[in-house]
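Take a look at the structure set out below.
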Amino acid sequence: MRRSTVALLIAVAALSGVLWLGGLALAVQDQFFSAAKPPTKEQRTPTAETRQHDEKIDIVALGDSLTRGTGDESGKGYVGYMVDELRRQTDQPIRVTNLAVRGLRSDGLLRQLGEPEIQRQVAMADLIVMTIGGNDLFQGGEALRLNMKQLDEAKRRYVANLDRIFAALRRFNSEAVIFAIGLYNPFSDLDDAKRTSAVVRDWNFASAEVAARYPNIVAVPTFDLFALHVNDYLYSDHFHPNEEGYKRIGERVASLITLTEEDKR
Numbered sequence: 001m002r003r004s005t006v007a008l009l010i011a012v013a014a015l016s017g018v019l020w021l022g023g024l025a026l027a028v029q030d031q032f033f034s035a036a037k038p039p040t041k042e043q044r045t046p047t048a049e050t051r052q053h054d055e056k057i058d059i060v061a062l063g064d065s066l067t068r069g070t071g072d073e074s075g076k077g078y079v080g081y082m083v084d085e086l087r088r089q090t091d092q093p094i095r096v097t098n099l100a101v102r103g104l105r106s107d108g109l110l111r112q113l114g115e116p117e118i119q120r121q122v123a124m125a126d127l128i129v130m131t132i133g134g135n136d137l138f139q140g141g142e143a144l145r146l147n148m149k150q151l152d153e154a155k156r157r158y159v160a161n162l163d164r165i166f167a168a169l170r171r172f173n174s175e176a177v178i179f180a181i182g183l184y185n186p187f188s189d190l191d192d193a194k195r196t197s198a199v200v201r202d203w204n205f206a207s208a209e210v211a212a213r214y215p216n217i218v219a220v221p222t223f224d225l226f227a228l229h230v231n232d233y234l235y236s237d238h239f240h241p242n243e244e245g246y247k248r249i250g251e252r253v254a255s256l257i258t259l260t261e262e263d264k265r
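Just so you know, we're using the UniProt record's numbering here: the sequence shown kicks off at 1 and counts up by one.
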């Protein structure tokens, strides 16, 4: 009886020892070797800040008929020529989403930015290019007949809209660099060229001042590109650029873009 009891106690003690040693081993492993475990991936809903870059560089183009490429018989416009230049910088595919609308004014672009799909496209962009303000100012040629009071009122409305446009773009996408392309004077060969050029320069200055309020918005000048021999760079409507005019704008914009390693991934 005593021998059986002793044997039982020895067995229980041995089992307890095995269990204790096993627990100690697990504790030591957990304490000192936990780094060897694969990390648990956190699941997040993609946002403008946390989006995962794919193989493409996404460019969103906004604005009016200049961004649409009206007047370029090849159909490329400045956006196409800009992309040609950028492809010399990187082997990565470049995807362009052109959301420009002919005849669009600043108030129209502001309304467009209220659309959820437009907001989604903007949020996913790596770069944004835009033209706006030409229709606010020139109004289909009516600017030549407006007095300074009317032009100043048009500029006031435009500047207020532009401020709201930039604020919206930064709200939807805080990272992408925005290239806001300035105005040129298509009427610089007319008798009233001195007056119209002064007005265009004033609007460009006002636009650049608004752009300077926001991070990563670059005001791109084009006035000088058309200052001499303007008709060599205009389409037959004497308003929109032709192929050579758009090439000049596209090359100017591309010269300001340096694709970082993050953009190229």
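Every residue, glycine too, gets a C-beta built ideally from N, C-alpha and C.
### L109 versus N242 - alpha carbon distance
Rounded to the nearest angstrom, the two C-alpha atoms are 24 Å apart.
### Task
Please work out which residues of its chain come closer than 8 Å, Cβ to Cβ, to D163, disregarding the five sequence neighbours upstream and downstream, and give them in chain order.
V210 and R213
#### Entry: Pair within 9 Å by beta-carbon distance, L259 and Q121
no
### Query
Are the region 80 to 94 and the region 145 to 164 touching by the rule of at least three beta carbon pairs closer than 8 Å?
no
### Task
Please go through the same chain and pick out, in chain order, the residues whose beta-carbon is closer than 8 Å to the beta-carbon of I59, but skip the five residues on each side of it.
These residues qualify, in order along the chain: V79, V83, I94, R95, V96, T97, A125, D126, L127, I128 and V129.
### Query
Where do the N-terminal and C-terminal ends of the alpha helix (DSSP H) with N161 fall, by residue?
M148 to F172
#### Entry: Burial state of Q112 (16 or more Cβ within 10 Å)
buried
### Own chain residues within Cβ distance below 6 Å of G77, not counting five before or after
G69 and Y246
### Task
Would you mind sorting L62 into buried or exposed? The rule is 16 or more other CB atoms within 10 Å of its CB.
buried
### Task
Since I believe G250 is in contact with T222 (beta carbons under 8 Å), could you give me their beta-carbon distance rounded to a whole number of angstroms?
Not confirmed; about 11 Å, so no contact.
### Message
My output table needs one value for V200: the three-state DSSP class, helix, strand or coil.
### Response
The answer is helix: DSSP assigns V200 an H, G or I state.
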